[in-house]
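To convert, note that position 258 of the sequence shown is 257 in numbering that gives the first Met the number 0; the numbers rise steadily by one, no gaps.
Beta carbons are placed, not taken as given, at the ideal position from N, Cα and C, and that holds for glycine.
Below is one structure, written out as structure tokens; comments come after it.
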Amino acid sequence: MASIERIDFHTHAVTPGYRKYCQKARLAGNGKPDGMPGIPTNKELSDICRAYPDRFGFFASLPLPDVEGSLAEIDYALDHLGAVGFQVLSNAHRVYPGDKLLDPVFDRLSARKAIVFLHPTSCHYVRTVEVGGSGESGSESTTVVETFHPLPQHPAPMLEFMFDSTRAISNLLLSGTVKRCSGITFLACHCGATLPPMLERIAAFGKIPGSKSEDALTAEEIKSTLRTRFYFDLAGFPFPDQIHGLLRVTDTSRLVYGSDYPYTPGGLVEDLARRMDEEVDRLFGEDVKKQIYHENGGKMLRNATL
Numbered sequence: 000m001a002s003i004e005r006i007d008f009h010t011h012a013v014t015p016g017y018r019k020y021c022q023k024a025r026l027a028g029n030g031k032p033d034g035m036p037g038i039p040t041n042k043e044l045s046d047i048c049r050a051y052p053d054r055f056g057f058f059a060s061l062p063l064p065d066v067e068g069s070l071a072e073i074d075y076a077l078d079h080l081g082a083v084g085f086q087v088l089s090n091a092h093r094v095y096p097g098d099k100l101l102d103p104v105f106d107r108l109s110a111r112k113a114i115v116f117l118h119p120t121s122c123h124y125v126r127t128v129e130v131g132g133s134g135e136s137g138s139e140s141t142t143v144v145e146t147f148h149p150l151p152q153h154p155a156p157m158l159e160f161m162f163d164s165t166r167a168i169s170n171l172l173l174s175g176t177v178k179r180c181s182g183i184t185f186l187a188c189h190c191g192a193t194l195p196p197m198l199e200r201i202a203a204f205g206k207i208p209g210s211k212s213e214d215a216l217t218a219e220e221i222k223s224t225l226r227t228r229f230y231f232d233l234a235g236f237p238f239p240d241q242i243h244g245l246l247r248v249t250d251t252s253r254l255v256y257g258s259d260y261p262y263t264p265g266g267l268v269e270d271l272a273r274r275m276d277e278e279v280d281r282l283f284g285e286d287v288k289k290q291i292y293h294e295n296g297g298k299m300l301r302n303a304t305l
């Protein structure tokens, strides 16, 4: 890999505590843990970052859709753990960013001038199931949230993660959350996912009769918001094609580096970094490469702490 300095804004920390959690789940017969222990991991990441302050920073997790728990964790992570921002999934048990349920959370994030890193997950749906069925009380119903993969023969990150990122950003925009929460700096994954080519469609459908959009925006208003309130990481496969769609929406001053390691294996991270070096040199030159790889990210972090 090239020796140029990089700030990697999209890497997954598989901590010793999380490894033990996965091993315990596997021994219990659950090969895939039920969620991730975000709050204990926040403390573990804080300890690592304090031991190596020149090497690491971390985005804290929130226990969404638990509003009260998330409000408490926002203040604790910023005031006591030294988090540089927060990681928010594209949906939490089917509740998307921009849902009114989460308004108090995003209002608090705005008041704290937080960076919010939007990371995709699988789409979810709610199913009602009957439980019990014997005795005088009869059966009762309960709701179960399940992962939904329309094409289960393909890995969810191939398609569904990109689509769910687009759902989350669209809902944040059309709900008025981005406009209302002016203190938040948003960081979106994967070169904007599928959002750039859909902006005209999103704007048009947000204004048709029957739409429940709180904030009917024109395509130009959406573009202006994305240029001023969002940064975009280049994790995944932005080259040779995807990058050009995003650059019709924003410019290189809003791009940052991301590797997606270790869920993108080390060898592929190196291959993608070499490809990125070549494409960024070809399209923009050395000065813009430095801007994308570390200067933009440094500016984002500094502005969030002002």
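- The DSSP-derived three-state label of Ala82 is coil.
- By the C-beta criterion, the segment 240 to 255 is judged to be in contact with the segment 282 to 291, since at least 3 inter-stretch pairs fall below 8 Å.
- Contact check for Gly84 against Phe116 passes: the beta carbons are separated by less than 7 Å.
- Taking C-beta atoms as the reference points, Gln86 and Phe55 fail to come closer than 7 Å.
- Sixteen is the threshold: when 16 or more other Cβ atoms of the shown chains lie within 10 Å of the Cβ of Tyr256, as they do, the residue is buried.
- Of the residues assessed, Glu72 falls on the buried side of the cut-off, its CB having 16 or more other CB atoms within 10 angstroms.
- In this chain, the beta strand (DSSP E) harbouring Asp232 covers 229 to 232.
- CA-to-CA, the gap between Glu277 and Val143 works out to about 47 Å.
- For Ala59, DSSP records a beta bridge to Phe85.
- By the C-beta density criterion, Tyr230 is buried, having at least 16 other C-beta atoms within 10 angstroms.
- Boundaries of the alpha helix (DSSP H) around Ile168: 155 to 173.
- Residue nearest to Val128 within the set Asp98, His118, Ser210, Thr141 is Thr141 (criterion: CA-CA distance).
- Contact between Ile207 and Ser169 is ruled out by a C-beta separation of about 15 Å, above the 8 Å threshold.
- For Tyr260, the pairing in a beta bridge is given by DSSP as Thr10.
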